[in-house]
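Report on one structure; see the data block that follows.
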């Protein structure tokens, strides 16, 4: 059994979640596993025949099945929502990274900083003058919290997060390792001989319940604020430039690149590696397909795709026709031949 | 008023910059803000009707206007170049991140390293044997400066910059948090069974007045040097491979990917997410549009765009026609129908 | 002469590698250099006329030539495989970054962690409870090794590598600076009002002889494992999402983005900035051209290219025709004119 996870018996699971037991009551399960795993102590779930097929013959310990599917060849429990039960098991199996209470003796906290007594500060963390760290917040080792940063309650900064000065982070937000918040916006003016730096005096404001991925960078505003609103989820290796605003509950998958002064609405979903030019606006409830490039503002909710991003039907149609280009070229040549032959005969 | 910024009165600004005062002489302004901000202590600028429109009704404290525009509905000062005055205000508002003088007692500086007495070295910085750090240079916390690195005067390494061994950085350059300079070039030879590493023995040389963005990586040369010349500006999350040379005053926006042994000329501008294949050369004064892919050398100055990168007129034309593909397909089908009908009638 | 490199004389090189000496026996050479370098103490190699041309007139110290090429205008040694001899010189010239034996007094190693006595642990490294570090392994400064991580023998973690909990790394693997292994997979479920996090309880397993580039991120599995098999080489700024499996000896160049639950076979070669959608499978021995996008599973070995990735012939043909689109459009218009004129005349 997994260290520190109590595990479950199949019978207990059936009873707790009101399921129908098909297998040994005392079967011991140690951990949730993906469908297709052959872990004899693992429990997985299937909500479609495809996933049930992956389970069959895998030798996995047990599987959660919905009423709509047939029987598995391993022990199973039939529940109304396998996905929900599985999510509950994931939550029980979670062993968060641990951090000792208090301020580690090897942390460097400026006397002019305020750290809530219930916060946990790891080894080699630097907290500069004027910074505030809220209740129950965890700053893992190697974090850097610049001057006048404001970190709310129950925030988690995983190891090695950098906040330049004046960055604020709302309650319950999570920032993953290597993320850099508040570096200078990329602003230069060509004076005829060289690029002269535009001083970047603004800040970064992160709302509550935001999650920011590993090695992502969010630049400070030239002046004013770069804002990530409540509930936004940003994946790894994403670039958010100066003066961007990302609306509440928007999701940006890995390797997205949001250019300067872009405004993104609420509840957007940007698939992987989406890019934008600068200064465009995207309204609420827009979905952008993978690697789309937004080159002008989007004012209607809906799905978009392509370079440039088009309404998804048009975008996919264009992609499909591109594949047929060699054929179209042949048909064009054939027509030209026929035309030539027609004209000859006249 | 912003901590540590003196702020300005509207009248002072008008007098200092030779402007015409339209508003209360004693109006107190605390910070520069973007056009559209409604900060009553903010001052912004507008050089076009579009930006003046954003200011109107915003309730911002004041705005700088050029002679060519009408009146604002907030206090304003008319000056000959609002942008220049605004840049001056940004410079005055800048509060650089601070670092205490000297070597922090929690830094690990090898006795065989040389640190100029006027340099500032932060907590948890590691400086290895043979490294030299120049006058007034600042190395923020968590920096790693490998053996035999040569850092010039007035360089700023923001928190958590890694320099592998033999990296040199010229006077006045700035490297942002998370950047990695001098990691191994990506060189392997397939021996029929596995990839055998090609030893990477070269180095990285960064010129003067270069700026390198957050989480950018610049690999050491296989042998010889990867060189970033004077005045180059590189944004966040950029990849520069081994043996690349980037010419003076070139700009590379976020997420650019420059492959091995590429030579880029002077005063290039690479927009976001531009990529190149390896071993190509790009001449001076080339502008590459966003997400362009350079697959062969570019020998003529000018603007380029697309995959592969084409002279911009051709590149944009191609993009425009792609959007018309469904229509072209329909026209082709119509011609085929007409041709069939013509042939039938004959 | 380079510090710490003994260097070679031309005569010694000829004798050691069974070559034919064309130049002074005692000519002192200090370092391997790229073809085209004019370093008088450098030695380079040329295996084609193109590279010999780069050497001619360069003033480089010496060059290694194969039997098939003519004479150089600098001292040279003729050997059967210049490339192999040059690789041997690179290996001799390599000065790996050094790390003092033992555990640095400024490292924070939990008493519940095990560090092999022959391992080297740098300053400011954190090693958490339950972690194991194998024989002769080197953890450079600022590394973070989370709870229950298992690091094999002769592993090198360059400065500032983060391993979240439960990450395992096989013998002889190398991880470059800024890489983050084991951050949470990007899994959220929309509950109608907000994105609810799916707990990420799995782990990351890295095989033996793997190399992972600077600022790359490899997420932990939702449950089960994200697996990078033996001999895989991953470049800088690559994103590997949760539950991905990368087969043995596969190569992923810089800025690749592998989405969740993707399975990549053995001996694949992914050129720069290749992306995939989630849940696809790629078989063994597939080569993907730069910036290709894999949107459906690939079941046949071979070369692929494009968006979506097509067999390379088809992919390149499509690219070539795109360039001809303006011409095709003109030809279509011409046909339409001719057709109109034909119909008029009838």
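Residue numbers (our numbering), protein chains in the order written: chain P, 1 to 346; chain Y, 1 to 346; chain X, 1 to 346. Beta carbons are placed, not taken as given, at the ideal position from N, Cα and C, and that holds for glycine.
Reduced DSSP category for residue i - H, G, I as helix; E, B as strand; rest coil
i, result
"residue 139 (chain P)", "strand"
"residue 1 (chain Y)", "At residue 1 (chain Y), the pLDDT of 37 sits below 50, so the modelled position is not reliable and the matter cannot be decided from this model."
"residue 86 (chain X)", "helix"
"residue 193 (chain X)", "coil"
"residue 38 (chain P)", "coil"
"residue 108 (chain X)", "strand"
"residue 12 (chain Y)", "helix"
"residue 341 (chain X)", "helix"
"residue 335 (chain P)", "helix"
"residue 275 (chain Y)", "strand"
"residue 53 (chain Y)", "helix"
"residue 182 (chain X)", "strand"
"residue 289 (chain P)", "coil"
"residue 62 (chain P)", "strand"
"residue 326 (chain Y)", "helix"
"residue 318 (chain P)", "helix"
"residue 225 (chain X)", "strand"
"residue 92 (chain P)", "helix"
"residue 313 (chain X)", "helix"
"residue 166 (chain X)", "coil"
Cross-chain neighbours of residue i in chain Y, by beta carbon under 8 Å
i, result
"residue 243 (chain P)", "34"
Residue closest to residue i, alpha-carbon to alpha-carbon, out of the options
i, options, result
"residue 39 (chain P)", "P:24, P:26, P:57", "P:57"
"residue 91 (chain Y)", "P:264, P:222, P:275, P:323", "P:222"
"residue 176 (chain Y)", "P:61, P:261, P:218, P:339", "P:218"
"residue 203 (chain Y)", "Y:227, Y:188, Y:191", "Y:227"
"residue 129 (chain P)", "Y:98, Y:66, Y:89, Y:171", "Y:98"
"residue 265 (chain P)", "P:274, P:249, P:284, P:272", "P:284"
"residue 79 (chain X)", "X:142, X:10, X:302", "X:10"
"residue 269 (chain Y)", "Y:282, Y:288, Y:256", "Y:288"
"residue 261 (chain Y)", "Y:187, Y:302, Y:52, Y:286", "Y:187"
"residue 158 (chain X)", "Y:82, Y:304, Y:181", "Y:181"
"residue 197 (chain Y)", "Y:101, Y:316, Y:185, Y:257", "Y:185"
"residue 102 (chain Y)", "Y:115, Y:86, Y:111, Y:294", "Y:115"
"residue 240 (chain X)", "X:230, X:263, X:224", "X:263"
"residue 110 (chain P)", "Y:113, Y:117, Y:122", "Y:122"
"residue 387 (chain P)", "Y:329, Y:209, Y:200", "The displayed coordinates of chain P run from 1 to 346. Any statement about residue 387 (chain P) would go beyond what the structure contains."
"residue 206 (chain X)", "X:200, X:199, X:170", "X:170"
Local Cβ density within 10 Å of residue i, reported as buried at 16 or more and exposed below that
i, result
"residue 319 (chain X)", "buried"
"residue 344 (chain P)", "exposed"
"residue 48 (chain X)", "exposed"
"residue 233 (chain X)", "buried"
"residue 8 (chain X)", "buried"
"residue 1 (chain Y)", "In this prediction, residue 1 (chain Y) scores a pLDDT of 37, lower than 50, which makes its location untrustworthy; the coordinate-derived value is nonetheless stated afterwards. That one is exposed."
"residue 133 (chain Y)", "buried"
"residue 50 (chain X)", "exposed"
"residue 34 (chain Y)", "buried"
"residue 25 (chain Y)", "exposed"
Neighbour list for residue i in chain P, Cβ cutoff strictly below 8 Å
i, result
"residue 255 (chain Y)", "239, 255, 257, 275"
"residue 329 (chain Y)", "321, 324, 328"
Neighbour list for residue i in chain Y, Cβ cutoff strictly below 9 Å
i, result
"residue 345 (chain X)", "The premise fails here: residue 345 (chain X) is roughly 11 Å from chain Y at the closest Cβ pair, so nothing lies under 9 Å."
Partner residues on chain X for residue i, Cβ-Cβ distance less than 9 Å
i, result
"residue 194 (chain Y)", "209, 230, 231, 248, 249"
Neighbour list for residue i in chain X, Cβ cutoff strictly below 7 Å
i, result
"residue 201 (chain Y)", "32, 90, 93, 94"
Within chain X, the residues that residue i reaches when beta carbons sit closer than 8 Å
i, result
"residue 332 (chain P)", "328, 331, 332, 335"
7 Å Cβ cut-off: residues of chain P touching residue i
i, result
"residue 351 (chain X)", "Given that chain X is displayed from residue 1 to residue 346, the structure contains no residue 351 (chain X) and the question cannot be resolved."
| query | Along the region 140-163 of chain P, what residues have a CB closer than 8 Å to any CB found in chain Y? | reply | 142, 144, 146, 147, 148, 160, 162
| task | Could you please tell me which residues of the region 176-190 of chain P, in chain order, have their CB closer than 8 Å to any CB of chain Y? | result | 178, 180, 183, 184, 186, 188, 189
| request: Scan the region 115-131 of chain P for residues whose Cβ lies nearer than 7 Å to a Cβ of chain A and list them as they occur along the chain. | output: Given the protein chain composition of this structure (P, Y and X), no chain A is represented.
| task | Using a Cβ-Cβ cut-off of less than 9 Å, give me the residues of the region 84-105 of chain P that come near chain X, in sequence order. | result | 86, 87, 89, 90, 91, 92, 93, 94, 95, 96, 97, 98, 104
| query | What are the residues of the region 213-224 of chain P that lie near chain X, defined by any Cβ-Cβ distance shorter than 7 Å? | reply | 213, 214, 215
| message | So if I threshold CB-CB distances at 7 Å, which residues from the region 267-294 of chain Y count as touching chain P? | response | 272, 273, 290, 291
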